[in-house]
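The block underneath contains the structure these notes are about, expressed in structure tokens.
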């Protein structure tokens with residue numbers, strides 16, 4: 028879901044000395060468009076040790092990964108809801124997300140929203156979050172606040188209210 032853009036953005040971020048130790052961790056099963064991703068990594072050999080593909084992770088491992096992440100980047104071109112955004116907000120992660128389909132509604136003002144086709148805008152947004160501790164803290168707080176809108180209890184109450192008329 029736009030992993031090619033994310034890899035291109037990451038390759039540009041890797042050129043900055045201030046981000047020398049940063050890694051990109053991609054979670055989820057390989058999709059039908061992964062061949063260009065593997066081609067990209069073959070053509071950028073210096074990136075291979077900085078990009079990790081985990082495959083599917085159980086909830087406990089995903090939570091541990093979120094706990095150690097600096098930012099959650101979600102450049103998806105399309106989503107029906109964007110559950111990973113809600114999960115990242117619940118973990119209190121600063122978020123940079125696509126501004127398409129369901130993402131703006133799910134994210135609200137809790138993160139930075141960028142066009143999923145604007146490479147330089149993604150570089151700027153991620154660089155800001157990765158290098159500015161004040162911005163990172165601000166976005167962490169907004170994520171936690173926004174996550175409260177997506178609790179199972181609130182969902183159950185809203186569903187019950189809809190049935191009760």
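In the working numbering, the protein residues as written are 28 to 192.
Even for Gly, the Cβ is constructed at its ideal location relative to N, Cα and C.
Item, Value
"How would you label residue 77, buried or exposed, when you count the other beta carbons within 10 angstroms and need 16 or more for buried?", "buried"
"Using a threshold of 8 Å, state whether the C-beta atoms of residue 157 and residue 49 are closer than that.", "yes"
"Considering only the beta carbon of each residue, do residue 99 and residue 122 sit closer than 8 Å?", "yes"
"If I follow the unbroken alpha helix (DSSP H) through residue 82, where does it start and stop?", "It is not in any alpha helix (DSSP H) - residue 82 instead sits in the beta strand (DSSP E) that spans 78–82."
"Under a three-way DSSP split, which group does residue 101 fall into?", "strand"
"Taking only the alpha-carbon atoms, compute the straight-line gap between residue 132 and residue 66 and give it to the nearest angstrom.", "34 Å"
"Quick check on DSSP: helix, strand or coil for residue 192?", "coil"
"Is residue 178 near the ligand ATP, with its Cβ less than 7 Å from a heavy atom?", "Ligands are entirely absent from the displayed structure, and the ligand ATP is therefore not among its contents."
"Note down, in chain order, each residue of its chain lying with its Cβ closer than 7 Å to the Cβ of residue 150, except the 5 sequence neighbours on either side.", "36, 39, 40"
"Can you give the beta carbon distance from residue 56 to residue 83, rounded, assuming they're within the 8 Å contact cut?", "5 Å"
"Cα separation between residue 152 and residue 179?", "31 Å"
"Please classify residue 72: is it buried, with 16 or more other beta-carbons within 10 angstroms of its beta-carbon, or exposed?", "exposed"
"Cβ of residue 29 within 8 Å of Cβ of residue 102?", "yes"
"Any idea if residue 142 is buried or exposed, counting beta-carbon neighbours within 10 angstroms, 16 or more meaning buried?", "exposed"
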